[in-house]
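Visitor: Line by line, the protein sequences give chains A and B.
Residues in the first sequence are numbered from 0 upward in steps of one, following numbering that gives the first Met the number 0.
Residues in the second sequence are numbered from 0 upward in steps of one, following numbering that gives the first Met the number 0.
Don't be surprised by glycine CBs; every beta carbon is placed ideally from N, CA and C.
Below are the structure tokens for one structure; questions will follow.
Protein chains: 2
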Amino acid sequence: MPVDRQLAVLLVRAPEGSLERWTLPWAPAPGTGTSLDELAADVARRAVPIAPGWLEQVGAFADDRRHPGDVALSVGFVGAVPAGTRSSLGEDAAWFPVAELPALAPRHQAIVAAALEAVRHRLDLAPIAFRLLPSSFTLSDLQRVYEILLGRRLHKASFRRALQAASLVQPTGEWRSEGRGRPAQLFRFAPRRRGRRRRGVRFDLLG
Amino acid sequence: MPVDRQLAVLLVRAPEGSLERWTLPWAPAPGTGTSLDELAADVARRAVPIAPGWLEQVGAFADDRRHPGDVALSVGFVGAVPAGTRSSLGEDAAWFPVAELPALAPRHQAIVAAALEAVRHRLDLAPIAFRLLPSSFTLSDLQRVYEILLGRRLHKASFRRALQAASLVQPTGEWRSEGRGRPAQLFRFAPRRRGRRRRGVRFDLLG
DNA sequence: GACCTTAGTATCGCGCGGGTACTAATTCGC
DNA sequence: GCGAATTAGTACCCGCGCGATACTAAGGTC
């Protein structure tokens, strides 16, 4: 979830005697036949009070980088929960901004790195940014999330034009006054599937 | 690899007594600590005479869809080998166009589907199309590969303009006459890293 | 030599993206 | 109270990328 202009990662306190003090939430594999997605949803349910609005696998890791549980193979997942999900977490869990992560087991570091890359790559294929916000939000909120995830500033007018053209949001009619400045209108995520435009090939991202 | 206007998948003959006649090339996991990428490269090396120019993980699969080896968890990989790699394959392996795949174990079907999606999603992040062609190729060849992978026709002039602007290819100076029609100039993949352009957010692919 | 087929280029128009600048509505400081 | 600061939202302009159309080039086939 986003916490003041940064993405934050949920960590849980490691058991006594571990090499690190914090770990990613994880669980050992149960009996055969369980879907990985269900298993990941279980882990998430145990870690945060509300279900993530987006949850996706980022890959399997089995090299010699150490996992806290010393398991041979780990399957990493990323999820998104709305900003403001800090209440009722319990003492054993906390959000850490990605730039200030505590020491993690090497394999967990790799998983976090892969998760961040996955988020960036799937940002325009899945409604990740919307799942990082509460159900009603301002357009400036939304733009801030995109700027956090992309790591660069965006042009306000272009952002809104593109958003409008894709008809992804609906105004709720309510307005929110956030301290100083003009109040902003609240929107909700309400995609009305227009025929998606097919554009040319992008060579400029290659390499 | 591309085979007459379609992508083709390499399958190997299943051992006697299996439920299906063909399977994806696969190997059981060895002892702990082996990198998955090395393992995948090994499997590829055993399956095709030349090393794939691109190889990437597509994810882990552990639901109750059956794997021919009845393993609990499988990690799928995709690779790309140049068109024309059909010689010296041996009798136990063959290329099948994706539209005419024989019956496969359910988990292998899922892996193939995920692999195709991965190819499409990473097409403009990794030089996949170039790895599906021999080291020297015509621009029409390249465009055909992109059209196969994207599943739609592309505009010739736009395609070449964008390619030129990204300075990804160099003319070799040679020309190839392919039956009828004007001979085409041969190019090689020679990316000269220009500063990649940062463009706006795409909302139109979302959903 | 007429015609087909494929390669490659030129020109034009439209729409998108981004820069700049503007208006609108609220809080803060004095 | 009133201006300054701050944030929201819009208007205009310009350049470029994309796609349509049409054209030239160079080889085959009959």
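1) Tell me whether V77(A) sits in a helix, a strand or coil according to DSSP, three-state version.
2) Looking at chain A, is there any beta carbon in it that lies within less than 7 Å of the beta carbon of L132(B)?
3) Please check if any C-beta of chain B sits within less than 7 Å of the C-beta of P67(A).
4) In terms of alpha-carbon separation, which member of V8(B), L23(B) and A40(B) lies closest to P209(B)?
5) So with CB distances below 9 Å, who are the chain B contacts of D62(A)?
6) Please say whether G75(B) and G52(B) have beta carbons closer to each other than 7 Å?
7) Between F186(A) and chain B, is there a C-beta pair that is closer than 7 Å?
8) Using 8 Å as the cut-off, can you tell me whether the segment 175 to 182 of chain A makes contact with the segment 124 to 137 of chain B, which would need three or more C-beta pairs spanning the two stretches below that distance?
9) Taking the DSSP output, what are the residues bridged to R179(B)?
10) Excluding the 5 residues preceding and the 5 following D209(A) in the sequence, name in chain order all residues of the same chain whose CB lies nearer than 6 Å to its CB.
11) Taking the alpha carbon of L138(A) as the point to measure from, which residue in D123(A), L72(A) and A156(A) has its own alpha carbon closest?
12) From V80(B), G16(B) and R106(B), pick the residue whose C-alpha is nearest to that of A46(B); which is it?
13) Only counting the same chain, and skipping five residues up and downstream in sequence, which positions put a Cβ closer than 6 Å to that of P170(B)?
14) Taking D62(B) as the reference, which of A104(B), T33(B), A189(B) and W21(B) has the closest Cα?
15) Under three-state DSSP, which class holds F202(A)?
16) I'd like to confirm the pairing. Which residues does DSSP put opposite Q56(A) in its beta bridges?
17) From this set, L115(B), V70(B) and P190(B), which residue's C-alpha is nearest P126(B)'s C-alpha?
18) What is the residue span of the beta strand (DSSP E) that L9(A) lies within?
19) Name, in chain order, the residues that DSSP records as bridge partners for S208(B).
20) With which residues is W94(B) paired in a DSSP beta bridge?
21) With the cut-off set at 7 Å, would you say A28(B) and V42(B) are in Cβ contact?
22) Using the beta-carbon count (16 or more within 10 Å), is H107(B) buried or exposed?
23) For L6(A), count the other beta carbons within 10 Å of its own beta carbon; 16 or more makes it buried, fewer makes it exposed. Which is it?
24) Report all residues from its chain with a CB closer than 7 Å to the CB of A39(A); omit the five preceding and five following residues, and keep chain order.
25) Identify, in the order they occur along the chain, each residue of the same chain with its Cβ nearer than 6 Å to the Cβ of P1(B), setting aside the five sequence neighbours on each side.
26) Based on the DSSP output, what are the partners of P1(A) in its beta bridges?
27) Give me the DSSP bridge partner(s) of W21(A).
28) Are the CB atoms of Q142(A) and F129(A) nearer to each other than 7 Å?
29) Are the CB atoms of A161(A) and F202(B) nearer to each other than 7 Å?
30) Got a sec? Which residues, its chain only, sit under 7 Å from R65(A) by beta carbon, not counting five neighbours each side?
31) With 16 other CB atoms within 10 Å as the buried threshold, where does D69(A) fall?
32) Roughly how many whole angstroms lie between the Cα atoms of L124(A) and S34(A)?
33) What are the boundary residues of the alpha helix (DSSP H) that V70(A) is part of?
Guide: Short version:
1) Position 78 of the first sequence, counted from the first residue, corresponds to residue 77(A). Strand.
2) Within the second sequence, numbered from 1, the residue matching residue 132(B) stands at position 133. No, L132(B) does not count as interfacial toward chain A.
3) On the first sequence, residue 67(A) is found 68 positions in, with the first residue counted as 1. It does not: the Cβ of P67(A) has no partner Cβ on chain B nearer than 7 Å.
4) Only positions 0 to 206 of chain B appear in the structure, and residue 209(B) is not among them; the question remains open.
5) To locate residue 62(A), count along the first sequence from 1; it is residue 63. Under the 9 Å cutoff, chain B gives G32, T33, S34, L35, D36 and E37.
6) Residue 52(B) sits at position 53 when you count from the first residue of the second sequence. Residue 75(B) sits at position 76 when you count from the first residue of the second sequence. Contact: no.
7) Your numbering for residue 186(A) matches position 187 in the first sequence. It does not; no Cβ of chain B falls within 7 Å.
8) no
9) What you label residue 179(B) is simply residue 180 of the second sequence in a count that begins at 1. Beta-bridge pairing links R179(B) to no other residue.
10) The shown model of chain A, from 0 to 206, leaves out residue 209(A), and the question about it has no answer.
11) Here residue 138(A) refers to the residue found at position 139 of the first sequence. The option with the nearest alpha carbon to L138(A) is A156(A).
12) In the second sequence, counting from the first residue as 1, residue 46(B) sits at position 47. Nearest of V80(B), G16(B) and R106(B) to A46(B), Cα basis: V80(B).
13) Working through the second sequence from its first residue, we reach residue 170(B) at position 171. Taken in chain order, the residues that qualify are Q184 and F186.
14) As a first step, residue 62(B) is located in the second sequence; it is residue number 63 there, counting from the start. Checked all of A104(B), T33(B), A189(B) and W21(B); the closest Cα to D62(B) is A104(B).
15) Along the first sequence, read from residue 1 onward, the residue named residue 202(A) stands at position 203. Reduced to three states, the DSSP call for F202(A) is coil.
16) Taking the first sequence and counting its residues from 1, the one referred to as residue 56(A) is at position 57. F76(A), per the DSSP bridge assignment.
17) Translated into the one-based positions of the second sequence, residue 126(B) becomes position 127. For the residues L115(B), V70(B) and P190(B), the minimum Cα distance to P126(B) belongs to P190(B).
18) Residue 9(A) sits at position 10 when you count from the first residue of the first sequence. From DSSP, the beta strand (DSSP E) with L9(A) extends over Q5 to R12.
19) For residue 208(B) there is no data in the structure shown, the boundaries of chain B being 0 and 206.
20) Translated into the one-based positions of the second sequence, residue 94(B) becomes position 95. The partner list for W94(B) (beta bridge, DSSP) reads L9(B).
21) In the second sequence, residue 28(B) corresponds to position 29, counting from 1. In the second sequence, residue 42(B) corresponds to position 43, counting from 1. Going by C-beta atoms, A28(B) is not nearer than 7 Å to V42(B).
22) Position 108 of the second sequence, counting from 1, holds the residue named residue 107(B). Result: buried.
23) Position 7 of the first sequence, counted from the start, is the residue given in the question as residue 6(A). So L6(A) ends up on the buried side.
24) Numbered from its first residue, the first sequence carries residue 39(A) at position 40. Closer than 7 Å at Cβ, skipping near neighbours: L54 and F76.
25) As a working note, residue 1(B) is residue 2 in the second sequence. Taken in chain order, the residues that qualify are A82, L131, V144 and I147.
26) Residue numbering aside, residue 1(A) sits at position 2 when the first sequence is read from its first letter. According to DSSP, which records beta bridges pairwise, P1(A) is partnered with L6(A).
27) In the first sequence, the residue the question calls residue 21(A) occupies position 22. BP columns for W21(A) point to R12(A).
28) Within the first sequence, numbered from 1, the residue matching residue 142(A) stands at position 143. Within the first sequence, numbered from 1, the residue matching residue 129(A) stands at position 130. Their beta carbons are not under 7 Å apart, which means Q142(A) does not touch F129(A) by this criterion.
29) Stepping through the first sequence from its first residue, residue 161(A) is reached at position 162. Stepping through the second sequence from its first residue, residue 202(B) is reached at position 203. Yes, the Cβ-Cβ distance between A161(A) and F202(B) is below 7 Å.
30) As a first step, residue 65(A) must be located in the first sequence, where it is residue number 66. Contacts found: A104, P105 and R106.
31) Translated into positions along the first sequence, residue 69(A) becomes position 70. It is exposed - the Cβ of D69(A) has fewer than 16 other Cβ atoms within 10 Å.
32) The count along the first sequence starts at 1 and reaches residue 124(A) at position 125. The count along the first sequence starts at 1 and reaches residue 34(A) at position 35. When rounded, the distance between both Cα atoms is 23 Å.
33) The residue you call residue 70(A) lines up with position 71 of the first sequence. It is not in any alpha helix (DSSP H) - V70(A) carries neither H nor E in the DSSP assignment.
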